[in-house]
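Here the structure comes first, spelled out in structure tokens, and everything after it is commentary.
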Amino acid sequence: MTTTANKVDRKTNEVYVYSSDGQLVGYGGISKSSPLSNFYKTSFTYSGHRFQYSECAIMYEKAITFGDHKTADNVLKCTTPAAAKRLGRRVKPFDPKKWRDVRDEKVPQILYEKFTQNQTLKDWLISTSGAVLAEIAIQDITGRIKYKDRIWGVTIGQYHQDIDKPSLWHKYGDNFLGNTLMSVRQTILDETEDQLISDLKLVNNTYKSILEWKVRQITKLTDQLRQLTDTTCGEEHIHTDDNDTQSSSHGSVQMNANNNNLFIFATQLLSNSDQTNKDTANGHVHQSGPQNDSISDTKPLDNRYSDGVQCVQTLSIDNSRGI
9 MTTTANKVDR KTNEVYVYSS DGQLVGYGGI SKSSPLSNFY KTSFTYSGHR FQYSECAIMY
69 EKAITFGDHK TADNVLKCTT PAAAKRLGRR VKPFDPKKWR DVRDEKVPQI LYEKFTQNQT
129 LKDWLISTSG AVLAEIAIQD ITGRIKYKDR IWGVTIGQYH QDIDKPSLWH KYGDNFLGNT
189 LMSVRQTILD ETEDQLISDL KLVNNTYKSI LEWKVRQITK LTDQLRQLTD TTCGEEHIHT
249 DDNDTQSSSH GSVQMNANNN NLFIFATQLL SNSDQTNKDT ANGHVHQSGP QNDSISDTKP
309 LDNRYSDGVQ CVQTLSIDNS RGI
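Given below as structure tokens:
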């Protein structure tokens, strides 16, 4: 065995992360200082019970699997993961093959609950994304192995010549803990991505609905304008032969009245649109829409209505006002 150069001091029996930049970074294993460890203290619920350590939950599941309810009850009373581990070794009757099958199913569930019920731990696990995880053996600087677990970890320590070659770790053990942690990490990453996509779709659909509502309101405003200008144009031509001056004056007054009504309608429209945007924000839709969707340059319906639409051309109909 050889010593790898430029090693930093680490606690014994650490869980290691081999990052993509080629740096070997250590995290506490059974030393209790790492969230990756089953001996790390954190509260979570599993199978209707509250556990302080994932090790306790695993040993509880082991006892239940073989119908050893007395041991299971004692595990629930344990205050340390080491005590739970000792009880787990006493489970009777015990079938290694059966436990392996159950372990492969239950341990990922337990670790999933551990990390997803604690946001800090969840974020911490996600932060190791792309790194290979493994629990390595306890090895002193002389190369002597003090503890190793071929099933849950790998049997090489921090001073082994292959410790910085994760592609070779499979030769030294099953690394069940490391592989399970990486599987749980990927599940959480996939769920996070799915939730993000779902949130973006919600924002998109909500904004689309708002735009459709705006189009309907603008169409309604345009129809109202057409009706008002048509009415005014008709009244202006009633008395053109007998009393041009009186007819013109009457038409002007009527146009002003109609324009005032139109301004009231437009003001109400803007007010309602502002309230809709506020309601949308209260519904937790936080993504704003395009900032350059102004329609203030909409062309008049035709030349007959150019005077009528002038009263609304000064309105700034854009996203900042809610239309």
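Take any residue in the sequence shown, count from 1 to its spot, add 8: that is its number in the numbering used here. Think of the CB as a built atom: it goes at the ideal place given N, C-alpha and C, for glycine as much as any other residue.
{"Check": "Own chain residues within Cβ distance below 6 Å of PRO174, not counting five before or after", "Outcome": "TYR26 and VAL140"}
{"Check": "Three-pair Cβ contact test at 8 Å for the segment 65-82 versus the segment 144-156", "Outcome": "no"}
{"Check": "Unbroken beta strand (DSSP E) run spanning LYS154, endpoints", "Outcome": "153-155"}
{"Check": "Buried or exposed by the 16-neighbour rule on C-beta atoms within 10 Å, applied to GLN127", "Outcome": "exposed"}
{"Check": "Cβ separation of GLN125 and THR53, assumed to be a contact under 8 Å, to the nearest whole Å", "Outcome": "7 Å"}
{"Check": "Beta-carbon proximity of ASP196 to ILE134, cut-off 8 Å", "Outcome": "Before going on, a small fix: residue 196 reads as Ile here, not Asp. Their beta carbons are under 8 Å apart, which means ILE196 touches ILE134 by this criterion."}
{"Check": "With 16 other Cβ atoms within 10 Å as the buried cut-off, status of THR188", "Outcome": "buried"}
{"Check": "VAL162 to ASP182 span [Cα, whole Å]", "Outcome": "7 Å"}
{"Check": "Contact belief for VAL99 with PHE74 at Cβ below 8 Å, rounded distance in angstroms", "Outcome": "5 Å"}
{"Check": "Where VAL25 falls: helix, strand or coil (DSSP)", "Outcome": "strand"}
{"Check": "Boundaries of the beta strand (DSSP E) in which TYR54 is found, first to last residue", "Outcome": "52-54"}
{"Check": "PHE47 beta carbon less than 8 Å from that of TYR68", "Outcome": "no"}
{"Check": "Sequence-distant residues of the same chain with beta carbon closer than 7 Å to ASN44, five excluded per side", "Outcome": "It should be noted that the sequence gives Leu, not Asn, for residue 44. Within the same chain, LEU44 has close Cβ partners VAL23, TYR35, LEU141 and LEU189."}
{"Check": "Between the CA atoms of ARG234 and TYR313 - distance to the nearest angstrom", "Outcome": "Any answer about TYR313 is weak, because its pLDDT of 37 lies below 50 and its placement is not dependable; what the coordinates show is given next. Going by the C-alpha atoms only, they are around 7 Å apart."}
{"Check": "Inter-residue spacing [alpha-carbon to alpha-carbon] between VAL293 and ASP109", "Outcome": "Because VAL293 carries a pLDDT of 45, less than 50, the predicted location of this residue cannot be relied on, and the following value inherits that uncertainty. Rounded to the nearest angstrom, the two C-alpha atoms are 45 Å apart."}
{"Check": "Residues bridged to ARG58 (per DSSP)", "Outcome": "THR53"}
{"Check": "Where ILE134 falls: helix, strand or coil (DSSP)", "Outcome": "helix"}
{"Check": "Residue nearest to ILE171 in terms of C-alpha spacing, selected from ALA145, TRP221 and ILE159", "Outcome": "ALA145"}
{"Check": "Run of the beta strand (DSSP E) containing VAL162, from where it starts to where it stops", "Outcome": "Neither: VAL162 is in no beta strand (DSSP E) and is coded neither H nor E."}
{"Check": "Inter-residue Cα distance where the pair is LEU229 and TYR120", "Outcome": "55 Å"}
{"Check": "Range of the contiguous beta strand (DSSP E) that encloses ALA142", "Outcome": "140-143"}
{"Check": "C-beta contact flag for ASP143 and LEU176 at 8 Å", "Outcome": "Here residue 143 is Glu; the residue named in the question, Asp, does not match the sequence. Not in contact: GLU143 and LEU176 (Cβ atoms no closer than 8 Å)."}
{"Check": "Neighbourhood of ALA92 by C-beta distance below 6 Å, restricted to the same chain and skipping five residues each side", "Outcome": "GLU63, CYS64, MET67, VAL83 and CYS86"}
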